[in-house]
Amino acid sequence: MGRLQDKVAIVTGAGQGIGLAYAERFLAEGAKVVVAEINEDRAETAMKTLDGLGDVTFVRTDIASEDSAAACAAATIDAFGKLDILVNNAALYYDIQNERNDYEYLQKVFQVNLHGAWVMARACAPAMVEQRWGRIINQSSGAAYMYNMTPVGDFTEVGAFTYSQTKWGVVGLTKFLASQLGQYNITVNCIAPGVCLSDGALNTLTSERIEELRMMAAMRRTVTPADLAGAVAFFLGDDAAVVTGQVLCVDAGTHMPG
Ligand SMILES: NC(=O)c1ccc[n+]([C@@H]2O[C@H](COP(=O)([O-])OP(=O)(O)OC[C@H]3O[C@@H](n4cnc5c(N)ncnc54)[C@H](O)[C@@H]3O)[C@@H](O)[C@H]2O)c1
């Protein structure tokens, strides 16, 4: 019997990278999994990877749309009869446009990376409240604790400040949701990964930057999707039954917030 036997989990952004690794781990632990992904090509490839590992279905979902989030929650209950776990992993990361420096784009990144987690939580919470059991995991980032990534030369204007800001917001959202939902036996926790050599990181960061980040880690290493999946499995399991509102930096000792 796996740790998540017969639990039903939605993993957003499970079309590739860390979300896909979460889906694989949850299936191995006995859960039934919904791949909630906006990119159909990625989802199709992911479904081939997950084929044969357990009960898994793809529901095309845009986490930034309330209608789409509600439809995802409903489709999950249709497919598997209930909804126990939501992992808010999706974000603009691989697809982030680092060259964009305008307010419109800042709002777009907020809409997906921060508000998307709230939209999905709001859509999924009623089913969890009804059964008086639920687990929500939000995915922040070490970037939430790091604000000196953009070099400051001669001042021209305040630069783009999108990704870190949204990931810091995810920390606050976690504590807010934990406070709202605790009385219904729903825990809400947060993972802040260090640099993980997913396609997203390899596409978004230079190899020099990845090496700098590796050297900032006490353990002088990057993290793997399996490292992250293990931390998530802890939050979802019975050993963490009364752990809520917490942020766990899984980053080989890069950030050690008190
Ligand atoms: N890789 C790292 O080093 C690292 C470090 C810290 C935090 N993170 C965070 O971990 C998570 C996963 O990282 P990754 O490297 O696998 O990123 P990724 O960009 O490769 O994967 C994110 C997935 O989310 C999907 N997505 C984007 N917008 C969506 C939307 N509106 N609705 C539904 N799905 C959407 C994408 O299509 C993609 O499949 C992200 O939240 C990222 O910010 C990653």
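Each residue of the sequence shown is one higher than the one before, counting from 1027 in this note's numbering. Virtual Cβ for every residue (Gly too), placed ideally from N, Cα, C.
- At least one heavy atom of ligand 1 lies closer than 7 Å to the C-beta of C1222.
- Here Q1137 has A1090 as same chain residues with Cβ atoms under 8 Å from its own Cβ, once five neighbours each way along the sequence are excluded.
- The beta-bridge partner set that DSSP reports for P1219 consists of V1276.
- The C-beta separation of V1268 from F1261 comes to about 12 Å, leaving the pair out of contact by the 8 Å criterion.
- Residue burial is scored here from C-beta neighbours: Q1031 has fewer than 16 other C-beta atoms within 10 angstroms and is therefore classed as exposed.
- A residue is called buried once 16 or more other Cβ atoms fall within 10 Å of its Cβ, and A1101 is buried on that count.
- Taken atom to atom, the span from the alpha-carbon of Q1206 to that of T1248 is near 34 Å.
- When the alpha-carbon of I1212 is set against those of A1062, E1156 and M1073, the nearest one is in E1156.
- By the Cβ rule, the stretch 1052–1063 counts as touching the stretch 1079–1098, because three or more pairs are nearer than 8 Å.
- The three-state secondary structure of I1044, taken from DSSP, is helix.
- Not a single heavy atom of ligand 1 lies less than 7 Å from the C-beta of T1213.
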